[in-house]
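Accompanying notes for the structure given below.
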């Protein structure tokens, strides 16, 4: 289960009106929140592509957004 289905706080981030309006402007269509990946502990990720784990229709209609849920600075993020 994705955390957006059990956490109102996390779901509210993905449904933020300002964020959705920016995405609509960029994509020229409504964005739909369908999945979340959440780490309970800090997690460094190497350069990667999310498209290998999920796909969209039409192909190429996927946008990933990273939101820090903890304080970050030049030493940790």
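Numbering (the working numbering), first residue to last: 43 to 119.
We treat Cβ as the ideally placed atom computed from N, Cα and C, and that holds for glycine.
Practice task
Just tell me which of 71, 76, 117 has its CA closest to the CA of residue 55.
Solution key: For the purposes of this step, residue 55 is taken as the residue at position 13 of the chain shown. The option with the nearest alpha carbon to residue 55 is 76.
Practice task
Helix, strand or coil for residue 76, going by three-state DSSP, please let me know.
Solution key: Taking the first residue of the chain shown as position 1, residue 76 is located at position 34. It is coil, neither helix nor strand.
Exercise for the section: Go ahead and pull the three-state DSSP assignment for residue 50. Expected result: By one-based count along the chain shown, residue 50 stands at place 8. Of the three classes helix, strand and coil, the one that applies to residue 50 here is helix, per DSSP.
Handout entry: Nearest-angstrom beta carbon gap, residue 98 and residue 45 [assumed within contact, 8 Å]
Key = As a first step, residue 45 must be located in the chain shown, where it is residue number 3. As a first step, residue 98 must be located in the chain shown, where it is residue number 56. Not confirmed; about 20 Å, so no contact.
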